[in-house]
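Residue numbering for the sequence shown follows my numbering, starting at 666 and increasing by one per position. Note that beta-carbon positions come from the ideal geometry of N, C-alpha and C, so glycine has one too.
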Amino acid sequence: MVYENLIKENKEAFLSKVTGIAAKLKVVPDWLMIVFFIECSLDHRKVNPISGATGLIGFMPSTARGLGTSTAALRAMSNVDQLDYVYSYFKPYSGRFNSIEDLYTVTFFPKALGQPDSYILQTDTLKADTIARQNPAYDLNFDKAITYGELKTAIRKHIPSDAVIFLKKKLTPVNLILFSLLVLLIFWISKSIKI
(Lines of atoms letter the chains of each structure in order from A and count residues from 1; the text may use other names and numbers.)
(Lines give C-alpha, C1' and ligand atoms only; values in the text may rest on other atoms or scores of the structure.)
Protein backbone atom coordinates (compact mmCIF):
# COMPACT_ATOMS: atom_id res chain seq x y z
CA MET A 1 0.00 0.00 0.00
CA VAL A 2 1.09 3.58 -0.49
CA TYR A 3 2.89 5.16 2.44
CA GLU A 4 3.14 1.85 4.32
CA ASN A 5 6.82 2.64 4.92
CA LEU A 6 5.66 5.36 7.35
CA ILE A 7 3.88 2.93 9.69
CA LYS A 8 6.04 2.69 12.81
CA GLU A 9 3.92 0.37 14.97
CA ASN A 10 1.86 -2.79 14.38
CA LYS A 11 2.48 -2.64 10.63
CA GLU A 12 1.10 -6.05 9.66
CA ALA A 13 -2.01 -5.77 11.84
CA PHE A 14 -2.58 -2.17 10.75
CA LEU A 15 -2.40 -2.94 7.01
CA SER A 16 -4.64 -5.96 7.42
CA LYS A 17 -7.26 -3.91 9.26
CA VAL A 18 -7.04 -1.07 6.71
CA THR A 19 -7.77 -3.61 3.97
CA GLY A 20 -10.77 -4.95 5.89
CA ILE A 21 -12.19 -1.50 6.57
CA ALA A 22 -11.68 -0.50 2.93
CA ALA A 23 -13.67 -3.53 1.80
CA LYS A 24 -16.54 -2.64 4.16
CA LEU A 25 -16.53 0.98 2.97
CA LYS A 26 -16.18 -0.07 -0.69
CA VAL A 27 -13.03 1.99 -1.21
CA VAL A 28 -9.47 1.27 -2.33
CA PRO A 29 -7.22 0.68 0.73
CA ASP A 30 -4.73 3.18 -0.70
CA TRP A 31 -7.39 5.89 -0.45
CA LEU A 32 -7.44 5.44 3.32
CA MET A 33 -3.65 5.47 3.46
CA ILE A 34 -3.55 8.75 1.50
CA VAL A 35 -6.08 10.31 3.88
CA PHE A 36 -3.96 9.18 6.85
CA PHE A 37 -0.87 10.63 5.18
CA ILE A 38 -2.53 13.99 4.53
CA GLU A 39 -3.94 14.23 8.04
CA CYS A 40 -1.07 12.95 10.17
CA SER A 41 1.74 11.46 8.04
CA LEU A 42 0.57 8.14 9.54
CA ASP A 43 1.52 9.29 13.04
CA HIS A 44 -1.71 8.32 14.82
CA ARG A 45 -0.76 10.38 17.88
CA LYS A 46 -0.26 13.63 15.95
CA VAL A 47 -2.26 16.65 17.16
CA ASN A 48 -2.90 19.82 15.17
CA PRO A 49 -1.84 22.64 17.52
CA ILE A 50 -4.40 25.07 16.08
CA SER A 51 -7.56 22.96 15.89
CA GLY A 52 -6.83 20.08 18.26
CA ALA A 53 -7.51 17.62 15.43
CA THR A 54 -5.97 14.31 16.45
CA GLY A 55 -4.95 11.04 14.90
CA LEU A 56 -5.34 9.18 11.64
CA ILE A 57 -8.11 11.33 10.20
CA GLY A 58 -7.64 14.43 12.30
CA PHE A 59 -10.58 13.79 14.62
CA MET A 60 -11.86 17.12 15.90
CA PRO A 61 -12.72 17.17 19.62
CA SER A 62 -16.45 17.42 18.84
CA THR A 63 -16.22 14.57 16.32
CA ALA A 64 -14.46 12.36 18.86
CA ARG A 65 -17.19 13.10 21.43
CA GLY A 66 -19.82 12.23 18.82
CA LEU A 67 -18.14 8.85 18.38
CA GLY A 68 -18.18 8.23 22.14
CA THR A 69 -14.52 8.99 22.83
CA SER A 70 -12.15 11.92 23.19
CA THR A 71 -9.07 13.15 21.39
CA ALA A 72 -7.02 12.27 24.48
CA ALA A 73 -8.32 8.70 24.38
CA LEU A 74 -7.67 8.48 20.63
CA ARG A 75 -4.12 9.74 21.11
CA ALA A 76 -3.51 7.05 23.73
CA MET A 77 -4.79 4.23 21.48
CA SER A 78 -2.72 2.07 19.19
CA ASN A 79 -2.96 2.78 15.49
CA VAL A 80 -4.89 -0.48 15.07
CA ASP A 81 -7.45 0.40 17.76
CA GLN A 82 -7.90 3.91 16.33
CA LEU A 83 -9.02 2.32 13.04
CA ASP A 84 -12.28 1.28 14.74
CA TYR A 85 -13.13 4.96 15.11
CA VAL A 86 -12.02 5.67 11.55
CA TYR A 87 -14.51 3.07 10.37
CA SER A 88 -17.26 4.41 12.65
CA TYR A 89 -16.72 7.90 11.25
CA PHE A 90 -16.85 6.86 7.60
CA LYS A 91 -19.56 4.16 7.88
CA PRO A 92 -22.56 6.53 7.42
CA TYR A 93 -21.07 7.60 4.05
CA SER A 94 -20.38 4.07 2.78
CA GLY A 95 -21.43 3.68 -0.84
CA ARG A 96 -20.95 7.40 -1.57
CA PHE A 97 -17.19 7.27 -2.11
CA ASN A 98 -16.36 7.27 -5.80
CA SER A 99 -12.83 8.66 -5.49
CA ILE A 100 -10.06 9.57 -3.11
CA GLU A 101 -11.37 13.12 -3.31
CA ASP A 102 -14.76 11.98 -1.97
CA LEU A 103 -13.15 10.12 0.93
CA TYR A 104 -10.94 13.04 1.89
CA THR A 105 -13.79 15.51 1.51
CA VAL A 106 -15.78 13.59 4.13
CA THR A 107 -12.70 13.73 6.36
CA PHE A 108 -12.09 17.44 5.96
CA PHE A 109 -15.45 19.07 5.17
CA PRO A 110 -18.31 16.54 4.73
CA LYS A 111 -20.82 19.23 3.73
CA ALA A 112 -18.90 19.68 0.44
CA LEU A 113 -19.44 16.08 -0.72
CA GLY A 114 -21.39 16.15 -3.99
CA GLN A 115 -21.15 19.92 -4.41
CA PRO A 116 -19.84 21.61 -7.59
CA ASP A 117 -16.16 22.60 -7.77
CA SER A 118 -17.13 26.25 -7.26
CA TYR A 119 -18.67 25.49 -3.84
CA ILE A 120 -16.95 27.55 -1.12
CA LEU A 121 -16.16 25.74 2.11
CA GLN A 122 -17.96 27.60 4.89
CA THR A 123 -20.81 27.22 7.36
CA ASP A 124 -23.11 29.57 9.24
CA THR A 125 -20.69 29.54 12.17
CA LEU A 126 -17.37 29.09 10.34
CA LYS A 127 -16.48 31.76 7.80
CA ALA A 128 -14.65 30.96 4.56
CA ASP A 129 -11.68 33.16 5.46
CA THR A 130 -11.26 31.37 8.82
CA ILE A 131 -11.16 27.98 7.09
CA ALA A 132 -8.68 29.32 4.54
CA ARG A 133 -6.49 30.90 7.22
CA GLN A 134 -6.38 27.63 9.19
CA ASN A 135 -5.71 25.59 6.02
CA PRO A 136 -3.56 27.74 3.73
CA ALA A 137 -2.31 24.74 1.73
CA TYR A 138 -5.81 24.39 0.27
CA ASP A 139 -6.34 28.05 -0.65
CA LEU A 140 -4.49 27.61 -3.92
CA ASN A 141 -5.32 31.03 -5.36
CA PHE A 142 -4.81 32.88 -2.02
CA ASP A 143 -8.24 34.54 -2.11
CA LYS A 144 -9.06 33.69 1.54
CA ALA A 145 -11.65 31.10 0.51
CA ILE A 146 -11.29 27.41 -0.33
CA THR A 147 -13.45 25.99 -3.09
CA TYR A 148 -14.24 22.31 -3.44
CA GLY A 149 -12.22 22.36 -6.66
CA GLU A 150 -9.18 23.70 -4.82
CA LEU A 151 -9.57 21.03 -2.14
CA LYS A 152 -9.70 18.25 -4.76
CA THR A 153 -6.63 19.66 -6.55
CA ALA A 154 -4.69 19.78 -3.28
CA ILE A 155 -5.66 16.18 -2.47
CA ARG A 156 -4.38 14.94 -5.84
CA LYS A 157 -0.92 16.33 -5.02
CA HIS A 158 -0.59 13.67 -2.30
CA ILE A 159 -1.17 10.72 -4.65
CA PRO A 160 2.09 8.96 -5.51
CA SER A 161 2.50 8.60 -9.27
CA ASP A 162 2.72 4.81 -9.06
CA ALA A 163 -0.68 4.68 -7.32
CA VAL A 164 -2.57 6.93 -9.73
CA ILE A 165 -3.82 4.10 -11.98
CA PHE A 166 -5.63 2.43 -9.09
CA LEU A 167 -7.09 5.66 -7.79
CA LYS A 168 -8.59 7.00 -11.00
CA LYS A 169 -10.82 4.02 -11.67
CA LYS A 170 -14.22 3.76 -10.08
CA LEU A 171 -14.45 0.39 -8.42
CA THR A 172 -17.29 -2.02 -8.96
CA PRO A 173 -17.95 -4.45 -6.10
CA VAL A 174 -16.29 -7.25 -8.08
CA ASN A 175 -13.21 -5.11 -8.85
CA LEU A 176 -12.99 -4.07 -5.20
CA ILE A 177 -12.97 -7.69 -4.08
CA LEU A 178 -10.37 -8.60 -6.70
CA PHE A 179 -8.24 -5.61 -5.79
CA SER A 180 -8.46 -6.42 -2.06
CA LEU A 181 -7.49 -10.03 -2.74
CA LEU A 182 -4.55 -8.85 -4.84
CA VAL A 183 -3.37 -6.53 -2.05
CA LEU A 184 -3.65 -9.35 0.50
CA LEU A 185 -1.78 -11.75 -1.80
CA ILE A 186 1.04 -9.27 -2.37
CA PHE A 187 1.21 -8.56 1.36
CA TRP A 188 1.30 -12.30 2.18
CA ILE A 189 3.99 -12.99 -0.44
CA SER A 190 6.11 -10.09 0.77
CA LYS A 191 5.96 -11.47 4.31
CA SER A 192 6.75 -15.02 3.14
CA ILE A 193 9.86 -14.16 1.12
CA LYS A 194 12.99 -13.73 3.21
CA ILE A 195 15.38 -11.28 1.58
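Suppose contacts are defined by Cβ-Cβ distances below 8 angstroms. Is residue i in contact with residue j by that definition?
| i | j | result |
| --- | --- | --- |
| E677 | S743 | no |
| Y668 | F724 | no |
| V692 | L768 | yes |
| L721 | A777 | no |
| L748 | I672 | no |
| V712 | R730 | no |
| V771 | F679 | no |
Report back the beta-carbon spacing between residue i and residue j to the nearest angstrom; my notes put them in contact at under 8 angstroms.
| i | j | result |
| --- | --- | --- |
| G717 | T736 | 6 angstroms |
| I715 | H823 | The Cβ separation is near 20 angstroms, so there is no contact. |
| L690 | S759 | 5 angstroms |
| A793 | Q787 | 4 angstroms |
| D708 | M666 | Not really, about 16 angstroms apart at Cβ, beyond 8 angstroms. |
I'd like to confirm the pairing. Which residues does DSSP put opposite residue i in its beta bridges?
| i | result |
| --- | --- |
| I785 | T812 |
| T790 | Partner(s): none; T790 has no beta bridge. |
| T719 | V712 and F724 |
On the three-state DSSP scale, how would you describe residue i?
| i | result |
| --- | --- |
| V751 | helix |
| K834 | Because the pLDDT of K834 is 48, which lies under 50, any placement of that residue in the model is unreliable, and the question is left without a value. |
| F679 | helix |
| N800 | coil |
| V700 | helix |
| F807 | coil |
| N763 | coil |
| P825 | coil |
| K673 | coil |
| T770 | helix |
| V693 | coil |
| Y668 | coil |
| G685 | helix |
| G731 | helix |
| L778 | coil |
| L739 | helix |
Tell me whether residue i, by its Cβ, gets closer than 7 angstroms to a heavy atom of the ligand ATP.
| i | result |
| --- | --- |
| N744 | Annotation note on the ligand ATP: not contained in the displayed structure, which lists no ligands. |
(message) If contact is defined by three or more beta carbon pairs under 8 angstroms, each pair taking one atom from either stretch, is the stretch 778 to 785 in contact with the stretch 807 to 825?
(response) Touching, per the Cβ criterion.
(request) Take every Cβ of the stretch 788 to 807, pair it with every Cβ of the stretch 752 to 761, and state whether three or more of those distances are shorter than 8 angstroms. (result) Taking 8 angstroms as the limit for Cβ pairs, the verdict is that the stretch 752 to 761 does not touch the stretch 788 to 807.
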